[in-house]
Each structure stands twice: as C-alpha cells, then as structure tokens.
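Here's the structure we're looking at; comments come further down.
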Amino acid sequence: VYKGVFQFTNLVKEDAVLQTETLYIHEILQCYLKRTSYSDKVKIDSWLPRVDLHPSLFCTAIDNLIRNGLKYNDSDTKWVKISTDSVKNSDGLYDKYIFIEDNGRGMTMEEFLEFSKPYVRRQGQKETGSGLGLNICTLILKEHGFEIFCEKTETGTKLSIKL
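Counting along the sequence shown from 1, when you hit position 151 you're at 151 in our numbering, and nothing is skipped either side.
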C-alpha cells in the first residue's frame with residue numbers, strides 16, 4: 001500500500017510521469033484478489049485486455065470499486081463481476097472497456113460524480129469511511145488516461161472504464 005501511495009504522490013511533482021507496464025488486467029487482478037478475504041465474491045472474466053498500467057496503483061483503484069460494491073450492499077449474497085467488451089464509438093471505431101458490476105444499492109452518474117469529491121459521503125449511512133476512497137480511485141484512473149462512467153442498474157451499479 002505504501003509503495004502505491006508513494007508512487008501516486010510522486011505524480012504531483014512537476015514533470016513526474018506514471019511508470020507503467022503492459023500487463024493483462026485479469027492476471028494482475030487475480031493475483032491481487034487471491035490475497036483478500038473477499039475474493040470468493042468477485043468473478044473476473046477469464047480474458048480481460050492487456051493495457052499499459054501501473055500495477056499497484058491500478059489494483060488499488062479497482063479494489064476500491066470492488067470493496068464499495070460489497071460494502072454498500074444489503075444483499076445476502078453480495079457479488080461483483082468484472083468483464084470486458086469493445087464498444088463502437090461515434091467515429092465508427094471500437095473502444096475497449098472493462099465493466100465492474102455489483103448487486104449493491106446502486107448509484108447514478110450524478111451520485112458518482114458527487115461522491116468522487118474529497119470527503120463527500122452519503123448522509124445518514126451506517127458504513128464508516130473517510131470519503132477519500134472514490135476520490136483517490138478516480139484520480140488514479142484519470143492518471144492512467146482512463147475514463148470512468150457509472151449507471152444505476154436493476155441489480156445495482158455498473159461502472160464502465162474506458163481504457
């Protein structure tokens with residue numbers, strides 16, 4: 001964790017550049033998640049794309065989204081699913097996405113943008129937290145050049161990360 005935070009804080013230095021490696025997302029996430037107590041609640045597609053990323057920072061960001069999907073979830077059988085697809089854009093080209101879906105309470109894009117601000121939390125919620133996790137997560141993904149979108153679904157939340 002310290003190494004990842006150190007790398008991230010170095011990015012605020014002038015001329016700092018994120019050091020990335022070309023890696024398969026499914027491999028680094030599987031390796032990361034097998035050390036957690038909640039890996040059995042996360043289903044990762046067997047094939048996720050290979051992209052340039054900083055492994056510890058990327059895993060920190062995705063882990064925050066996974067833990068949020070499990071934490072803000074009132075279901076008896078909590079789950080998070082990570083998948084991929086290519087989506088045709090307005091130019092007729094295909095963009096790669098990874099999707100993180102859960103069966104939690106659900107969150108709209110407007111709520112996502114609000115809760116991505118530092119120290120902002122939903123009023124009256126019973127779960128504890130600092131209100132920084134989602135903020136740091138979105139900053140890490142932006143630093144990678146990724147975009148993140150959120151939609152409330154019938155079953156919970158679906159996050160789309162454009163790679």
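For glycine and all other residues, C-beta sits at the position ideal for the given N, C-alpha and C. These figures come from a predicted structure and were not determined experimentally.
- Annotation for D45: no alpha helix (DSSP H) segment contains it, and DSSP assigns it neither H nor E.
- Residue environment: S86 is assigned as exposed (fewer than 16 neighbouring CB atoms within 10 Å of its CB, all protein chains considered).
- Per DSSP, reduced to three states, the secondary structure at K71 is helical.
- The bridge partners DSSP lists for F149 are S160.
- Looking from the CA of T128, the closest CA among I100, K71, N89 belongs to K71.
- Taking C-beta atoms as the reference points, K88 and P49 fail to come closer than 8 Å.
- Counting along the chain, no beta strand (DSSP E) covers K142; the unbroken alpha helix (DSSP H) around it starts and ends at 133-143.
- A direct Cα-Cα distance of roughly 14 Å separates T108 from L134.
- Take I44, set aside five residues on each side of it, and the residues of its chain with a beta-carbon closer than 7 Å to its own are H26, L29, Q30, I82, in chain order.
- Of the candidates L159, S160, T138, T155, the residue whose Cα lies closest to the Cα of D74 is T155.
- Residue environment for S56: buried (at least 16 other C-beta atoms within 10 angstroms of its C-beta).
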